[in-house]
Amino acid sequence: MVSKQFKVLMKGPLLPARLQDNLDAHFTTYRLWQQDDQAAWLAQHGGEIDALVTSGNALMGASAELISQLPNLKVICSNGVGYDAIDTVAAQARGIVVTNTPGVLNACVADTGMALLLDVARRISAADRYTRAGKWQSEGRYPLTTKLGGKVCGIVGLGGIGKDLAKRAQAFDMDIHYYNPRSRPDVPYTRHDSLLSLAQRADFLVLTLPGGAATHHLVNAEVLRALGPQGFLINIARGSVVDEQALIAALEAGEIAGAGLDVFEQEPAVPEALRQRDDVVITPHLASSTHETMAAMADLVFENLLAFAQGEAVLTRVV
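Using full-length UniProt numbering, read the sequence shown as starting at 1 and increasing by one per residue.
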(Lines of atoms letter the chains of each structure in order from A and count residues from 1; the text may use other names and numbers.)
(Lines give C-alpha, C1' and ligand atoms only; values in the text may rest on other atoms or scores of the structure.)
Protein backbone atom coordinates (compact mmCIF):
# COMPACT_ATOMS: atom_id res chain seq x y z
CA MET A 1 0.00 0.00 0.00
CA VAL A 2 1.40 3.41 -0.99
CA SER A 3 1.48 6.03 1.70
CA LYS A 4 -0.19 9.38 1.06
CA GLN A 5 3.02 10.83 2.47
CA PHE A 6 4.54 10.33 -1.00
CA LYS A 7 4.12 13.76 -2.55
CA VAL A 8 3.67 14.29 -6.28
CA LEU A 9 3.89 17.58 -8.16
CA MET A 10 2.05 17.82 -11.48
CA LYS A 11 3.64 20.51 -13.61
CA GLY A 12 0.66 20.98 -15.93
CA PRO A 13 -2.77 19.52 -16.68
CA LEU A 14 -2.61 15.87 -17.71
CA LEU A 15 -4.86 13.98 -20.10
CA PRO A 16 -6.96 11.98 -19.67
CA ALA A 17 -8.46 13.18 -16.40
CA ARG A 18 -8.25 9.67 -14.94
CA LEU A 19 -4.48 10.08 -14.63
CA GLN A 20 -4.97 13.02 -12.31
CA ASP A 21 -7.70 11.07 -10.51
CA ASN A 22 -5.40 8.07 -9.99
CA LEU A 23 -2.61 10.28 -8.70
CA ASP A 24 -5.01 12.05 -6.33
CA ALA A 25 -6.33 8.72 -5.03
CA HIS A 26 -2.91 7.23 -4.23
CA PHE A 27 -0.64 10.16 -3.40
CA THR A 28 -0.63 13.64 -1.96
CA THR A 29 -0.70 15.78 -5.08
CA TYR A 30 -0.01 19.39 -5.98
CA ARG A 31 -0.77 21.29 -9.19
CA LEU A 32 1.99 23.72 -10.06
CA TRP A 33 0.10 25.39 -12.91
CA GLN A 34 -2.65 26.45 -10.51
CA GLN A 35 -0.29 28.43 -8.28
CA ASP A 36 -0.49 32.21 -8.77
CA ASP A 37 3.17 32.63 -7.81
CA GLN A 38 4.95 29.44 -8.80
CA ALA A 39 8.39 30.62 -7.68
CA ALA A 40 7.09 31.44 -4.20
CA TRP A 41 5.24 28.13 -3.98
CA LEU A 42 8.36 26.19 -4.99
CA ALA A 43 10.46 28.10 -2.47
CA GLN A 44 8.03 27.16 0.29
CA HIS A 45 7.05 23.61 -0.71
CA GLY A 46 9.67 22.39 -3.21
CA GLY A 47 11.57 20.49 -0.54
CA GLU A 48 8.53 18.32 0.20
CA ILE A 49 8.17 16.90 -3.33
CA ASP A 50 9.14 13.27 -4.03
CA ALA A 51 7.96 12.98 -7.64
CA LEU A 52 7.36 15.22 -10.63
CA VAL A 53 4.83 14.28 -13.32
CA THR A 54 5.24 16.21 -16.54
CA SER A 55 5.66 15.59 -20.27
CA GLY A 56 8.61 15.88 -22.61
CA ASN A 57 7.31 18.66 -24.83
CA ALA A 58 8.60 22.22 -24.73
CA LEU A 59 5.57 23.55 -22.86
CA MET A 60 6.12 21.21 -19.91
CA GLY A 61 9.39 19.36 -19.41
CA ALA A 62 11.67 19.68 -16.39
CA SER A 63 14.49 22.18 -16.60
CA ALA A 64 17.65 22.09 -14.51
CA GLU A 65 16.30 25.14 -12.69
CA LEU A 66 13.06 23.38 -11.75
CA ILE A 67 14.93 20.25 -10.68
CA SER A 68 17.15 22.38 -8.43
CA GLN A 69 14.04 23.82 -6.78
CA LEU A 70 12.98 20.29 -5.77
CA PRO A 71 15.87 19.20 -3.51
CA ASN A 72 14.26 15.91 -2.43
CA LEU A 73 13.00 14.91 -5.86
CA LYS A 74 13.45 11.20 -6.52
CA VAL A 75 11.63 10.46 -9.78
CA ILE A 76 10.35 12.29 -12.88
CA CYS A 77 7.57 10.55 -14.80
CA SER A 78 6.99 11.92 -18.29
CA ASN A 79 3.66 11.48 -20.05
CA GLY A 80 5.07 10.91 -23.55
CA VAL A 81 7.83 9.11 -25.39
CA GLY A 82 9.97 12.19 -26.06
CA TYR A 83 11.94 13.63 -23.16
CA ASP A 84 14.09 16.30 -24.81
CA ALA A 85 12.56 19.05 -22.65
CA ILE A 86 13.61 17.17 -19.49
CA ASP A 87 17.15 17.91 -18.34
CA THR A 88 18.25 14.31 -17.97
CA VAL A 89 21.83 15.39 -17.24
CA ALA A 90 20.68 17.35 -14.19
CA ALA A 91 18.46 14.45 -13.14
CA GLN A 92 21.21 11.88 -13.53
CA ALA A 93 23.65 14.02 -11.54
CA ARG A 94 21.20 13.88 -8.64
CA GLY A 95 20.38 10.18 -9.04
CA ILE A 96 16.82 11.01 -10.05
CA VAL A 97 15.00 8.31 -12.01
CA VAL A 98 13.32 9.46 -15.25
CA THR A 99 10.62 7.45 -17.04
CA ASN A 100 8.66 7.91 -20.26
CA THR A 101 5.86 6.12 -22.12
CA PRO A 102 7.34 4.38 -25.19
CA GLY A 103 5.55 1.87 -27.37
CA VAL A 104 1.96 2.71 -26.51
CA LEU A 105 1.79 5.66 -28.90
CA ASN A 106 3.70 4.21 -31.87
CA ALA A 107 0.67 3.20 -33.92
CA CYS A 108 -1.20 6.48 -33.60
CA VAL A 109 1.87 8.59 -34.36
CA ALA A 110 2.57 6.42 -37.41
CA ASP A 111 -1.07 6.80 -38.47
CA THR A 112 -0.69 10.57 -38.31
CA GLY A 113 2.52 10.45 -40.32
CA MET A 114 0.81 8.41 -43.00
CA ALA A 115 -2.18 10.76 -42.99
CA LEU A 116 0.11 13.76 -43.52
CA LEU A 117 1.97 11.91 -46.27
CA LEU A 118 -1.29 11.11 -48.05
CA ASP A 119 -2.56 14.64 -47.60
CA VAL A 120 0.46 16.40 -49.08
CA ALA A 121 0.71 13.91 -51.96
CA ARG A 122 -2.97 13.96 -52.95
CA ARG A 123 -3.54 17.50 -51.60
CA ILE A 124 -6.68 16.46 -49.74
CA SER A 125 -6.85 19.49 -47.44
CA ALA A 126 -6.06 21.92 -50.25
CA ALA A 127 -8.66 20.27 -52.50
CA ASP A 128 -11.20 20.48 -49.69
CA ARG A 129 -10.60 24.24 -49.42
CA TYR A 130 -10.79 24.55 -53.22
CA THR A 131 -14.15 22.80 -53.33
CA ARG A 132 -15.65 24.67 -50.36
CA ALA A 133 -14.65 27.98 -51.95
CA GLY A 134 -16.71 27.11 -55.03
CA LYS A 135 -13.64 26.96 -57.27
CA TRP A 136 -14.61 23.60 -58.76
CA GLN A 137 -17.50 25.42 -60.40
CA SER A 138 -15.70 28.68 -61.15
CA GLU A 139 -12.23 27.42 -62.10
CA GLY A 140 -12.82 23.82 -63.12
CA ARG A 141 -10.97 20.64 -62.36
CA TYR A 142 -8.45 20.59 -59.51
CA PRO A 143 -4.77 20.30 -60.58
CA LEU A 144 -3.17 16.85 -60.77
CA THR A 145 -1.54 15.41 -57.65
CA THR A 146 1.08 12.77 -56.77
CA LYS A 147 0.75 8.97 -56.66
CA LEU A 148 2.24 7.06 -53.71
CA GLY A 149 2.78 3.64 -55.26
CA GLY A 150 6.34 3.12 -56.42
CA LYS A 151 7.66 6.17 -54.59
CA VAL A 152 10.48 6.06 -52.03
CA CYS A 153 9.49 6.69 -48.42
CA GLY A 154 12.68 7.73 -46.64
CA ILE A 155 12.40 7.33 -42.88
CA VAL A 156 14.80 9.16 -40.59
CA GLY A 157 15.03 7.23 -37.32
CA LEU A 158 13.83 3.64 -37.63
CA GLY A 159 12.66 3.07 -34.07
CA GLY A 160 9.23 1.84 -33.04
CA ILE A 161 7.35 4.68 -34.70
CA GLY A 162 9.49 4.54 -37.83
CA LYS A 163 8.94 0.80 -38.20
CA ASP A 164 5.18 1.19 -37.80
CA LEU A 165 5.22 3.98 -40.39
CA ALA A 166 7.18 1.73 -42.77
CA LYS A 167 4.50 -0.98 -42.54
CA ARG A 168 1.83 1.53 -43.45
CA ALA A 169 3.82 2.94 -46.35
CA GLN A 170 4.46 -0.57 -47.66
CA ALA A 171 0.71 -1.12 -47.80
CA PHE A 172 0.63 1.72 -50.35
CA ASP A 173 3.32 -0.04 -52.42
CA MET A 174 6.03 2.40 -51.42
CA ASP A 175 9.71 1.46 -51.38
CA ILE A 176 11.18 1.89 -47.88
CA HIS A 177 14.60 3.43 -47.34
CA TYR A 178 15.95 4.66 -44.01
CA TYR A 179 18.73 6.46 -42.21
CA ASN A 180 19.54 5.34 -38.68
CA PRO A 181 22.73 5.63 -36.62
CA ARG A 182 22.82 1.84 -36.38
CA SER A 183 21.83 -0.70 -38.99
CA ARG A 184 18.61 -2.61 -38.38
CA PRO A 185 19.26 -6.19 -39.54
CA ASP A 186 15.72 -7.13 -38.48
CA VAL A 187 14.16 -5.19 -41.38
CA PRO A 188 14.38 -5.70 -45.16
CA TYR A 189 14.61 -2.00 -45.97
CA THR A 190 17.42 -0.12 -47.74
CA ARG A 191 19.76 1.67 -45.33
CA HIS A 192 21.65 4.86 -46.18
CA ASP A 193 24.91 5.87 -44.54
CA SER A 194 23.94 9.54 -44.34
CA LEU A 195 20.86 11.71 -44.12
CA LEU A 196 21.96 13.56 -47.25
CA SER A 197 22.09 10.30 -49.21
CA LEU A 198 18.59 9.39 -48.04
CA ALA A 199 17.22 12.84 -48.89
CA GLN A 200 18.64 12.59 -52.41
CA ARG A 201 16.86 9.27 -52.94
CA ALA A 202 13.57 9.91 -51.14
CA ASP A 203 10.34 11.21 -52.60
CA PHE A 204 8.97 11.60 -49.07
CA LEU A 205 11.35 12.27 -46.17
CA VAL A 206 9.60 11.28 -42.93
CA LEU A 207 11.09 12.29 -39.58
CA THR A 208 10.49 9.89 -36.67
CA LEU A 209 13.65 10.48 -34.64
CA PRO A 210 14.08 11.90 -31.11
CA GLY A 211 14.55 15.59 -30.43
CA GLY A 212 17.37 17.09 -28.38
CA ALA A 213 20.76 18.69 -28.92
CA ALA A 214 22.09 15.81 -31.03
CA THR A 215 19.37 16.23 -33.66
CA HIS A 216 18.84 20.01 -33.51
CA HIS A 217 18.36 21.37 -37.07
CA LEU A 218 19.47 18.05 -38.52
CA VAL A 219 17.23 18.86 -41.48
CA ASN A 220 18.84 22.02 -42.82
CA ALA A 221 19.01 23.87 -46.14
CA GLU A 222 21.43 21.33 -47.62
CA VAL A 223 19.16 18.39 -46.79
CA LEU A 224 16.13 20.19 -48.20
CA ARG A 225 17.95 20.97 -51.44
CA ALA A 226 18.88 17.29 -51.67
CA LEU A 227 15.22 16.33 -51.22
CA GLY A 228 14.49 18.38 -54.32
CA PRO A 229 11.54 20.06 -56.03
CA GLN A 230 9.56 16.80 -56.29
CA GLY A 231 10.17 15.83 -52.66
CA PHE A 232 7.98 16.23 -49.59
CA LEU A 233 8.98 16.60 -45.92
CA ILE A 234 6.88 15.00 -43.16
CA ASN A 235 7.70 15.83 -39.52
CA ILE A 236 6.07 13.84 -36.71
CA ALA A 237 9.21 13.97 -34.54
CA ARG A 238 10.13 17.26 -32.88
CA GLY A 239 10.05 20.78 -34.29
CA SER A 240 13.67 21.31 -33.28
CA VAL A 241 14.83 18.66 -35.77
CA VAL A 242 14.04 21.00 -38.69
CA ASP A 243 15.56 24.41 -39.34
CA GLU A 244 12.19 26.12 -39.76
CA GLN A 245 13.57 29.20 -41.52
CA ALA A 246 15.45 26.99 -43.98
CA LEU A 247 12.22 25.07 -44.60
CA ILE A 248 10.30 28.28 -45.29
CA ALA A 249 13.02 29.44 -47.67
CA ALA A 250 13.02 26.08 -49.48
CA LEU A 251 9.24 26.18 -49.91
CA GLU A 252 9.27 29.76 -51.15
CA ALA A 253 12.03 28.97 -53.65
CA GLY A 254 10.29 25.82 -54.89
CA GLU A 255 13.20 23.69 -53.73
CA ILE A 256 10.78 21.11 -52.27
CA ALA A 257 7.23 20.21 -53.26
CA GLY A 258 5.55 20.58 -49.87
CA ALA A 259 5.48 19.60 -46.21
CA GLY A 260 3.26 17.92 -43.65
CA LEU A 261 4.05 19.16 -40.15
CA ASP A 262 2.68 18.10 -36.77
CA VAL A 263 5.44 19.76 -34.74
CA PHE A 264 7.12 23.16 -34.74
CA GLU A 265 10.13 24.93 -33.25
CA GLN A 266 8.21 27.36 -31.01
CA GLU A 267 4.97 25.57 -30.18
CA PRO A 268 2.20 26.56 -30.12
CA ALA A 269 3.35 29.37 -32.44
CA VAL A 270 3.38 28.45 -36.13
CA PRO A 271 5.05 30.91 -38.53
CA GLU A 272 2.66 32.82 -40.77
CA ALA A 273 4.86 31.86 -43.71
CA LEU A 274 3.86 28.22 -43.13
CA ARG A 275 0.23 28.86 -42.24
CA GLN A 276 -0.47 30.73 -45.46
CA ARG A 277 0.91 28.10 -47.83
CA ASP A 278 -1.40 25.75 -49.71
CA ASP A 279 1.38 23.17 -50.15
CA VAL A 280 1.86 22.79 -46.39
CA VAL A 281 -0.43 20.74 -44.14
CA ILE A 282 -0.18 21.67 -40.46
CA THR A 283 -1.64 20.01 -37.38
CA PRO A 284 -1.31 21.06 -33.70
CA HIS A 285 1.05 18.34 -32.36
CA LEU A 286 -1.79 15.82 -32.25
CA ALA A 287 -0.03 12.67 -33.47
CA SER A 288 -0.56 10.73 -30.24
CA SER A 289 -3.81 12.47 -29.30
CA THR A 290 -6.36 9.69 -29.47
CA HIS A 291 -8.55 8.51 -26.61
CA GLU A 292 -6.94 5.08 -26.71
CA THR A 293 -3.34 6.26 -26.75
CA MET A 294 -3.86 8.90 -24.08
CA ALA A 295 -5.41 6.26 -21.81
CA ALA A 296 -2.50 3.85 -22.37
CA MET A 297 0.06 6.60 -21.74
CA ALA A 298 -1.73 7.68 -18.57
CA ASP A 299 -1.78 4.12 -17.27
CA LEU A 300 1.94 3.70 -17.92
CA VAL A 301 2.78 6.96 -16.14
CA PHE A 302 0.77 5.82 -13.14
CA GLU A 303 2.25 2.31 -13.16
CA ASN A 304 5.78 3.72 -13.27
CA LEU A 305 5.10 6.07 -10.38
CA LEU A 306 3.30 3.42 -8.32
CA ALA A 307 6.15 0.96 -8.83
CA PHE A 308 8.73 3.52 -7.75
CA ALA A 309 6.73 4.54 -4.68
CA GLN A 310 6.46 0.88 -3.66
CA GLY A 311 10.21 0.36 -3.99
CA GLU A 312 9.92 -1.69 -7.17
CA ALA A 313 11.68 -1.28 -10.52
CA VAL A 314 9.98 1.17 -12.87
CA LEU A 315 8.73 -0.22 -16.17
CA THR A 316 10.21 2.22 -18.70
CA ARG A 317 13.31 3.91 -17.32
CA VAL A 318 15.19 6.52 -19.35
CA VAL A 319 17.72 7.55 -16.66
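Every residue, glycine too, gets a C-beta built ideally from N, C-alpha and C.
{"query": "Let me know the beta strand (DSSP E) ranges lying completely inside the stretch 127-203, each 3 residues or longer, listed in chain order.", "result": "152-156, 175-179 and 190-192"}
{"query": "Near Glu303, which residues of its chain fall below 8 Å by C-beta distance, leaving aside the five closest residues on each side in sequence?", "result": "Leu315"}
{"query": "Kindly provide the ranges of any beta strand (DSSP E) runs that are 3 or more residues long and lie completely inside the stretch 83-120, ordered along the chain.", "result": "97-99"}
{"query": "Can you find at least 3 beta carbon pairs, one from the stretch 44-60 and one from the stretch 73-91, that sit closer than 8 Å?", "result": "yes"}
{"query": "Are three or more beta carbon pairs between the stretch 251-263 and the stretch 224-238 nearer than 8 Å?", "result": "yes"}
{"query": "Distance, Cα to Cα, Trp136 vs Tyr142?", "result": "7 Å"}
{"query": "Residues bridged to Thr293 by DSSP?", "result": "According to DSSP, which records beta bridges pairwise, Thr293 is partnered with nothing at all."}
{"query": "So for Gln35, helix, strand or coil by DSSP?", "result": "coil"}
{"query": "Pair every Cβ in the stretch 144-160 with every Cβ in the stretch 199-215, then say whether three or more of these pairs are closer than 8 Å.", "result": "yes"}
{"query": "Could you check the C-alpha separation between Leu15 and Glu139 for me, to the nearest Å?", "result": "45 Å"}
{"query": "Starting from the Cα of Met174, find the closest Cα among Ile248, Met114, Gly157 and Arg31 and give me that residue.", "result": "Met114"}
{"query": "Expressed to the nearest angstrom, what Euclidean distance is found between the alpha-carbon atoms of Glu244 and His216?", "result": "11 Å"}
{"query": "Using a Cβ-Cβ cutoff of less than 6 Å, which residues in the same chain neighbour Phe308 once the five nearest sequence positions on both sides are dropped?", "result": "Val75 and Val314"}
{"query": "Hey, could you find the ends of the alpha helix (DSSP H) Leu251 is sitting in?", "result": "Glu244 to Glu252"}
{"query": "From the DSSP output, in three-state form, read off Phe264 for me.", "result": "coil"}
{"query": "Does the beta-carbon distance from Val280 to Asp119 come in below 7 Å?", "result": "no"}
{"query": "Leu158 and Ala110 - do their beta-carbons sit closer together than 7 Å?", "result": "no"}
{"query": "With distance defined between alpha-carbon atoms, name the residue in Pro181, Leu251, Gly149 and Ala43 nearest to Gln170.", "result": "Gly149"}
{"query": "Three-state secondary structure (DSSP) at Asn22?", "result": "helix"}
{"query": "To the nearest angstrom, report how far apart Asp50 and Asn22 are at their CA atoms.", "result": "17 Å"}
{"query": "Check this for me: beta carbons of Val319 and Val98, under 7 Å apart or not?", "result": "yes"}
{"query": "In whole angstroms, what separates the C-alpha of Ala269 from that of Leu66?", "result": "24 Å"}
{"query": "List the endpoints of the continuous alpha helix (DSSP H) containing Val270.", "result": "Where Val270 is concerned, there is no enclosing alpha helix (DSSP H), given that its DSSP letter is neither H nor E."}
{"query": "Going by the DSSP bridge assignment, what does Phe232 pair with across the sheet?", "result": "Phe204 and Gly258"}
{"query": "By the three-class DSSP mapping on this structure, what secondary structure does Ala64 have?", "result": "helix"}
{"query": "Taking the alpha helix (DSSP H) that Val241 falls in, what are its first and last residues?", "result": "It is not in any alpha helix (DSSP H) - Val241 carries neither H nor E in the DSSP assignment."}
{"query": "Judging by CA-CA distance, which residue of Gly228, Ala127, Asn106 and Arg225 is the nearest neighbour of Arg168?", "result": "Asn106"}
{"query": "Taking only three categories from DSSP, how would you classify Val81?", "result": "coil"}
{"query": "Let me check understanding here. Comparing Cα to Cα, which of Pro188, Gln266, Leu59 and Gln69 lies closest to Trp41?", "result": "Gln69"}
{"query": "Is Ile49 helix, strand or coil when you go by DSSP?", "result": "coil"}
{"query": "Put Arg225 into one of helix, strand or coil per three-state DSSP.", "result": "helix"}
{"query": "Are the beta-carbon atoms belonging to Met10 and Arg31 less than 7 Å from one another?", "result": "yes"}
{"query": "Does the beta carbon of Met114 sit closer than 7 Å to a beta carbon anywhere in chain B?", "result": "Annotation note: the requested chain B is absent from the structure, which comprises a single protein chain."}
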